[in-house]
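Student: When the count follows my numbering, it moves up by one through the sequence shown with no breaks and lands on 680 for the last residue.
Just so it is clear, CB atoms sit at the ideal spot from N, CA and C, and this is done for glycine as well.
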Amino acid sequence: MNWKEKLKKVLELLGFTSKFESKALTNEEFQQVLERYQRDYQVTLQDDINAEQEQAQSEAMQKQLNAIYSAVLAAGGEPEQNVADEGERNATQQDIVTAINNLGSRIEILSRQPAADIPEQKGNAVIVSIHGFGNTPEYLFGVQAPMYSMGLRWNRIAANPAMAAALGEPTNAEQEAFRKAVSEYGAALRQRAKYLIENKMTADLKAVAEGKFSTNYAGVDNLGDMGTQFTIRRQDAIIARVLSTVKMTDFFPVRYGIQDNDVIFNAFFDEVSQAWQEGAVYKGGMKIENERGYVDDAMIKMMWGPMKDLERKYIAYLNTSGSDPIKWNMIEYQMLNSLLEAQREQNIRRMRGIYVKPESGVAGSYLTASTGILYRLLDYIHSNKLLVTDDSDKTFRAYTESTMLGTVQLFVAEIKSHLGEDETLDGKVLYLNERHKSWWLKCIRTQFHLDTDFAGVNSYANIVPDTDVRIIWLPYLGNLTFMMMQEPGNLQFLEFLPGEMMGLQMEQQMEMVRAWSTWKEGTAAAFLGRKFSSRAELVANDYQWQQIFLNLFAADIAADATTVDAGNGFWQITGVNTEATAITDITGAKNGVAYCIEIGDETHPSTIAKSGKFEKIKEAWEPTKVGDYILVILLSDGKFAELERCVGGNRTINRELNPHYVG
Numbered sequence: 018m019n020w021k022e023k024l025k026k027v028l029e030l031l032g033f034t035s036k037f038e039s040k041a042l043t044n045e046e047f048q049q050v051l052e053r054y055q056r057d058y059q060v061t062l063q064d065d066i067n068a069e070q071e072q073a074q075s076e077a078m079q080k081q082l083n084a085i086y087s088a089v090l091a092a093g094g095e096p097e098q099n100v101a102d103e104g105e106r107n108a109t110q111q112d113i114v115t116a117i118n119n120l121g122s123r124i125e126i127l128s129r130q131p132a133a134d135i136p137e138q139k140g141n142a143v144i145v146s147i148h149g150f151g152n153t154p155e156y157l158f159g160v161q162a163p164m165y166s167m168g169l170r171w172n173r174i175a176a177n178p179a180m181a182a183a184l185g186e187p188t189n190a191e192q193e194a195f196r197k198a199v200s201e202y203g204a205a206l207r208q209r210a211k212y213l214i215e216n217k218m219t220a221d222l223k224a225v226a227e228g229k230f231s232t233n234y235a236g237v238d239n240l241g242d243m244g245t246q247f248t249i250r251r252q253d254a255i256i257a258r259v260l261s262t263v264k265m266t267d268f269f270p271v272r273y274g275i276q277d278n279d280v281i282f283n284a285f286f287d288e289v290s291q292a293w294q295e296g297a298v299y300k301g302g303m304k305i306e307n308e309r310g311y312v313d314d315a316m317i318k319m320m321w322g323p324m325k326d327l328e329r330k331y332i333a334y335l336n337t338s339g340s341d342p343i344k345w346n347m348i349e350y351q352m353l354n355s356l357l358e359a360q361r362e363q364n365i366r367r368m369r370g371i372y373v374k375p376e377s378g379v380a381g382s383y384l385t386a387s388t389g390i391l392y393r394l395l396d397y398i399h400s401n402k403l404l405v406t407d408d409s410d411k412t413f414r415a416y417t418e419s420t421m422l423g424t425v426q427l428f429v430a431e432i433k434s435h436l437g438e439d440e441t442l443d444g445k446v447l448y449l450n451e452r453h454k455s456w457w458l459k460c461i462r463t464q465f466h467l468d469t470d471f472a473g474v475n476s477y478a479n480i481v482p483d484t485d486v487r488i489i490w491l492p493y494l495g496n497l498t499f500m501m502m503q504e505p506g507n508l509q510f511l512e513f514l515p516g517e518m519m520g521l522q523m524e525q526q527m528e529m530v531r532a533w534s535t536w537k538e539g540t541a542a543a544f545l546g547r548k549f550s551s552r553a554e555l556v557a558n559d560y561q562w563q564q565i566f567l568n569l570f571a572a573d574i575a576a577d578a579t580t581v582d583a584g585n586g587f588w589q590i591t592g593v594n595t596e597a598t599a600i601t602d603i604t605g606a607k608n609g610v611a612y613c614i615e616i617g618d619e620t621h622p623s624t625i626a627k628s629g630k631f632e633k634i635k636e637a638w639e640p641t642k643v644g645d646y647i648l649v650i651l652l653s654d655g656k657f658a659e660l661e662r663c664v665g666g667n668r669t670i671n672r673e674l675n676p677h678y679v680g
């Protein structure tokens, strides 16, 4: 009987039931109820109520203990060994502690015996080969992608060259579809190249060619589409093939984002320290001088001929014995071969190019589309920003097969002798002509009596003996006896967007097919040194702050010579003439090469009249000082045009032909 039942019985005995329910009991009547309740049941009403509440709390606590205990057992905990039936007893706190301890032991055992890693689902990943799966009636290479649809004429010809004759002449609709497909593919190729270059993936072209990055997509829809993977896979192969030619970017980095010109600010600080003295005696200062790099607009603009001619050339490629191991479709074939030539030309131009405004209506040389390393260095020399290493004996101007090692060592020692007290050659690299590497190795073998293959980057093939100066062998230098030292990354190429050149587009022009792309490129140094208003000031500065060191790699013009042999190089210096001498021609001059004729002696300086081959120069060239020069280039009519000149130490640039020349 609980306290409520007991209270009800007491109220009935006293006759207070109706009053209790209506809450009308007086104080005296309530006291009678409490006294009668204690007399009849030997306990106060309050104690009965408290006892019942404690019982409820105890039962709730036991339920919680049982729930915790059950959860621990379910997780792997074990009860005490002497417990017979866990279902017929309440859990105690000690039971729970024991089960948890047993669970810890079980976890430790299981950690040493992990369960098998069984996936919820199994799937087989398909890696698409660059060769596809074999042609089907619907798709070339068996890859379900719009570009390889057998509904397209050129894909049917790729699958079966004999189809070209059966299909007859290409219709206007087929030609338009081909041009559109080429343009779309060119845009996609440009975007892919931009992605690979920006993410530094082209540093490993072998990996690109093997498709190791073909699952890295940028801005590409349908990532799970096998056709997309296949297309990207083959685009990577084309990009790797194009970039795998000897790359100038292996030797000089590219700075992107230059739409017109780039200004690089350099700060030069004066001394600041001095002995203490009283008063406002100040010392020190800062001078800001900037370098500027331009990009020039370059282009590919080709006539491919009628589509039928393109098909004939493509079929010839398909039928060639031992042809490319990768079978390209017609669009890929046209794109690859056009870009391979464009890349080869850009590589050479980046070393030997000089921008010249094209003659109206005349296709210019690939070398005059932008300015490369050599002519940019020549510009810095002419701008009194770069002092070349030279002496009265012309020690550093040239070397031979037998003197190369000694000349290079003298060059390095000469540079070191002009460094400041706190400067070293640490971090600087020597750049030499790759064509003369065999001369270098022959000198090393002779000097050190070595007979080795010079394997390894730290061998004498790549290190100047007795120094830590590393050698980088540069291509495209011809026979120039070129020596340069700088910190890698100083000289750099400039572009606007990565991969711009690869974005070929097409259109019909009467019966011909025209293809083109445009891009921007240039060359500049990030840091040269201080600028000077005259050569005398440059020489007096004695290399202070200079960051690029260069030999005077010019050839000598024989005394009293009236013609200059272009085969000796683009930069040549006159000898000691015995009489007044006029130069009338540069024999063997090549298209796209600018020739610099410099005065080496003031006794009878050579002159050039405004006539004959030089009738298109601004005016007669009549130099007066050592170092005066004229820079000319061959035009399509066989005459020379003037790019710039220096007379009496005063430089003048022909802005009509070279509006972006840095000087």
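Thinking just about the alpha-carbon of each residue, which of Ser166, Val225, Tyr646 and Asp65 is nearest to the one in Glu661?
Tutor: Counted from its first residue, the sequence shown places residue 661 at position 644. Checked all of Ser166, Val225, Tyr646 and Asp65; the closest Cα to Glu661 is Tyr646.
Student: To the nearest angstrom, how far is the alpha carbon of Gly592 from that of Ala575?
Tutor: What you label residue 592 is simply residue 575 of the sequence shown in a count that begins at 1. What you label residue 575 is simply residue 558 of the sequence shown in a count that begins at 1. Cα-Cα distance, rounded: 6 Å.
Student: Could you work out which residue in Phe499, Ser476, Asp410 and Lys433 is closest to His453 when comparing CA atoms only?
Tutor: The residue given as residue 453 occupies position 436 in the sequence shown. Sorting Phe499, Ser476, Asp410 and Lys433 by C-alpha distance to the C-alpha of His453 places Phe499 at the top.
Student: Please name the residue, chosen from Thr535, Leu157, Asp341 and Ala658, that lies closest to Gly203 on a Cα-to-Cα basis.
Tutor: Reading the sequence shown from its first residue, position 186 is the one you call residue 203. Of the candidates Thr535, Leu157, Asp341 and Ala658, the one whose C-alpha sits nearest the C-alpha of Gly203 is Thr535.
Student: In the DSSP output, what is Gln522 paired with across the bridge?
Tutor: Residue mapping note: residue 522 aligns to position 505 of the sequence shown, counting from 1. Gln522 pairs with Trp533.
Student: Among the candidates Ala606, Ile614, Gly609 and Glu659, whose CA atom is the shortest distance from the CA of Glu724?
Tutor: Given that the chain is displayed from residue 18 to residue 680, the structure contains no residue 724 and the question cannot be resolved.
Student: Comparing alpha-carbon positions, which option in Lys445, Val425 and Ser419 lies nearest Thr463?
Tutor: For this step, residue 463 is matched to residue 446 along the sequence shown. Comparing Cα positions, the closest option is Ser419.
Student: Would you list the one or two residues that DSSP bridges to Ala572?
Tutor: Sequence index remark: in the sequence shown, residue 572 carries index 555 (1-based). Its beta-bridge partners are Gln589.
Student: Measure the C-alpha to C-alpha separation of Ala142 and Pro154 and round it to an integer number of angstroms.
Tutor: Numbered from its first residue, the sequence shown carries residue 142 at position 125. Numbered from its first residue, the sequence shown carries residue 154 at position 137. Unreliable placement is indicated for Ala142, whose pLDDT of 45 sits below 50; no coordinate value is reported for it.
Student: Taking a contact to mean a Cβ-Cβ separation below 8 Å, would you say Leu356 touches Val530 in this structure?
Tutor: Against the sequence shown, residue 356 aligns to sequence position 339. Against the sequence shown, residue 530 aligns to sequence position 513. Taking 8 Å as the Cβ cut-off, Leu356 and Val530 do not qualify as a contacting pair.
Student: How far does the alpha helix (DSSP H) with Asn401 in it extend, from its first residue to its last?
Tutor: Here residue 401 refers to the residue found at position 384 of the sequence shown. Asn401 -> no alpha helix (DSSP H), and no H or E assigned at all.
Student: Hey, would you say Ala583 sits closer than 8 Å to Thr624, going by beta carbons?
Tutor: As a position in the sequence shown, residue 583 is number 566, starting the count at 1. As a position in the sequence shown, residue 624 is number 607, starting the count at 1. Contact flag unset, no.
Student: What do you get for Val100, buried or exposed, if any count of 16 or more other CB atoms within 10 angstroms of its CB means buried?
Tutor: Position 83 of the sequence shown holds residue 100. In this predicted model, Val100 has a pLDDT of only 48, less than 50, meaning its place in the structure is not dependable enough to derive any value.
Student: Grab me the residues of Glu349's own chain with a C-beta within less than 7 Å of its C-beta, minus the 5 sequence neighbours each way, in chain order.
Tutor: The sequence position of residue 349 within the sequence shown is 332, counting from 1. Result list for Glu349: Arg251 and Ile255, in chain order.
Student: How long is the line joining the alpha carbons of Ala478 and Met421, rounded to whole angstroms?
Tutor: Within the sequence shown, residue 478 is the residue found at index 461, counting from 1. Within the sequence shown, residue 421 is the residue found at index 404, counting from 1. So the two alpha carbons sit approximately 13 Å from each other.
Student: Which value, in whole angstroms, describes the spacing of the CA atoms of Ser400 and Lys548?
Tutor: Sequence index remark: in the sequence shown, residue 400 carries index 383 (1-based). Sequence index remark: in the sequence shown, residue 548 carries index 531 (1-based). So the alpha carbons of these two residues sit roughly 8 Å apart.
Student: Just the Cα atoms here: how many angstroms apart are His396 and Ala543?
Tutor: Here residue 396 refers to the residue found at position 379 when the sequence shown is read from its first residue. Here residue 543 refers to the residue found at position 526 when the sequence shown is read from its first residue. Contrary to the premise, residue 396 reads as Asp rather than His in this sequence. Their Cα atoms are separated by approximately 15 Å.
Student: Over the uninterrupted alpha helix (DSSP H) stretch that includes Arg56, give me the two end residues.
Tutor: Stepping through the sequence shown from its first residue, residue 56 is reached at position 39. Here the alpha helix (DSSP H) through Arg56 covers Asn44 to Tyr58.
Student: What separation, rounded to the nearest whole angstrom, lies between the Cα atoms of Tyr273 and Phe566?
Tutor: By one-based count along the sequence shown, residue 273 stands at place 256. By one-based count along the sequence shown, residue 566 stands at place 549. So the alpha carbons of these two residues sit roughly 26 Å apart.
Student: In three-state DSSP terms, what is Val425?
Tutor: The count along the sequence shown starts at 1 and reaches residue 425 at position 408. If DSSP states are grouped into helix, strand and coil, Val425 belongs with the helices.
Student: Of the choices Met180, Thr245 and Ala182, whose alpha-carbon is the least far from that of Arg209?
Tutor: Residue 209 sits at position 192 when you count from the first residue of the sequence shown. Comparing Cα positions, the closest option is Thr245.
Student: Spatial neighbours of Lys318 within its chain, please: C-beta separation below 6 Å, excluding the five flanking residues on both sides.
Tutor: In the sequence shown, counting from the first residue as 1, residue 318 sits at position 301. Within the same chain, Lys318 has close Cβ partners Trp533.
Student: Can you check the segment 575–646 for any beta strand (DSSP E) of at least 3 residues that lies completely inside it and give the ranges in chain order?
Tutor: 580–582, 588–590, 602–604 and 611–615
Student: How is the beta strand (DSSP E) around Met500 delimited, first residue to last?
Tutor: Against the sequence shown, residue 500 aligns to sequence position 483. It spans Met500 to Gln503 - the beta strand (DSSP E) in which Met500 sits, taken as one unbroken run.
Student: Tell me the DSSP bridge mates of Arg668?
Tutor: Against the sequence shown, residue 668 aligns to sequence position 651. Paired residues: Cys663.
Student: Could you say if the segment 188–205 and the segment 361–369 meet the contact criterion of at least three C-beta pairs nearer than 8 Å?
Tutor: no
Student: I'd like to confirm something about Val556: is its beta-carbon nearer than 7 Å to some heavy atom of the ligand FAD, or not?
Tutor: What this structure holds is no ligand at all, so the ligand FAD is not there to describe.
Student: Can you check which of these residues, Ser35, Leu31 and Gln59, is closest to Gln48 by C-alpha distance?
Tutor: Taking the sequence shown and counting its residues from 1, one reaches residue 48 at position 31. Among Ser35, Leu31 and Gln59, the Cα nearest to that of Gln48 is on Leu31.
Student: If you draw a straight line from the alpha carbon of Lys330 to that of Thr641, how long is it in whole angstroms?
Tutor: Within the sequence shown, numbered from 1, the residue matching residue 330 stands at position 313. Within the sequence shown, numbered from 1, the residue matching residue 641 stands at position 624. Distance between the alpha carbons of Lys330 and Thr641: 58 Å.
Student: Any idea what DSSP makes of Phe510, helix, strand or coil?
Tutor: Within the sequence shown, residue 510 is the residue found at index 493, counting from 1. Phe510 falls in the strand class under three-state DSSP.
Student: Name the two residues that bound the continuous alpha helix (DSSP H) containing Tyr448.
Tutor: Numbered from 1 along the sequence shown, position 431 holds the residue referred to as residue 448. Here Tyr448 belongs to no alpha helix (DSSP H); instead the beta strand (DSSP E) covers Val446 to Asn450.
Student: Where does Phe587 land, buried or exposed, given buried means 16+ other C-beta within 10 angstroms?
Tutor: The count along the sequence shown starts at 1 and reaches residue 587 at position 570. Result: buried.
Student: Grouping DSSP H, G and I as helix and E and B as strand, with all else coil, what is Trp457?
Tutor: The residue you call residue 457 lines up with position 440 of the sequence shown. DSSP places Trp457 in helix when its eight states are reduced to three.
Student: What does a CB cutoff of less than 8 Å around Leu42 pick up in its chain, not counting 5 residues either side in sequence?
Tutor: To locate residue 42, count along the sequence shown from 1; it is residue 25. For Leu42, the CB contacts under 8 Å within the same chain, skipping 5 residues up- and downstream, are Phe33, Lys36 and Val50 in chain order.
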